[in-house]
Amino acid sequence: MEAMDWKIELVPVPVSNVDVSKAFYVDQVGFNADFDERVDENLRFVQLTPPGSACSVVIGPGTTDMVPGTQRIQVVVPSAADARRHLVDHGVAASEITPLDWGTFVYFSDPDGNEWSLQQLPEIPPTLPSEAQ
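If you read the sequence shown in this note's numbering, its first letter stands for residue -17, the second for the next number, and so on.
See the structure below:
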């Protein structure tokens, strides 16, 4: 059987005001603005990518039927503290750092209420070859 290699490319984020949301994600959160094109009168395709991510989000009319404020996305960051500091320094209302057994988290919402969880993965000690059996 051939090994499968699937990668998530694009996740829609429903927003009510594309320009406000684009400015929020680019200027405050730090996403890259990859593409912004009005394809036709019903579709404006704005692709934004978190720094270091192979997966992007898309905002704009015609990109999803979801209601603004209903998307929930979790991403992994190297440091929850650094991510929180960046958000707060750029005017984003971010939660306090929340340590849990499965990671350290910071939460924020976009102007429409779409929720983001930023997870710093826990340190997992390397497995010795004798323990891997």
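Virtual Cβ for every residue (Gly too), placed ideally from N, Cα, C.
All values reported here derive from a predicted model rather than from experimental measurement.
Given F17 as reference, the closest of S(-2), G42 and N24 once Cα atoms are compared: As a working mapping, residue 17 is identified with position 35 in the sequence shown. Of S(-2), G42 and N24, the residue nearest in Cα terms is G42.
Limits of the alpha helix (DSSP H) - the one that S3 falls within: Within the sequence shown, numbered from 1, the residue matching residue 3 stands at position 21. Unbroken alpha helix (DSSP H) run through S3: V0 to A5.
First through last residue of the alpha helix (DSSP H) which encompasses D64: In the sequence shown, counting from the first residue as 1, residue 64 sits at position 82. Looking at the DSSP string, the run of the alpha helix (DSSP H) that includes D64 is A62 to D71.
Cβ neighbours of W98 in the same chain (closer than 6 Å, five flanking residues each side left out): To locate residue 98, count along the sequence shown from 1; it is residue 116. Hits under 6 Å: I55 and F90.
According to DSSP, residues forming a beta bridge with A76: Within the sequence shown, residue 76 is the residue found at index 94, counting from 1. A76 pairs with F90.
Distance, S38 Cα to I118 Cα: The chain is shown only over -17 to 115; residue 118 falls outside these bounds and no answer can be derived.
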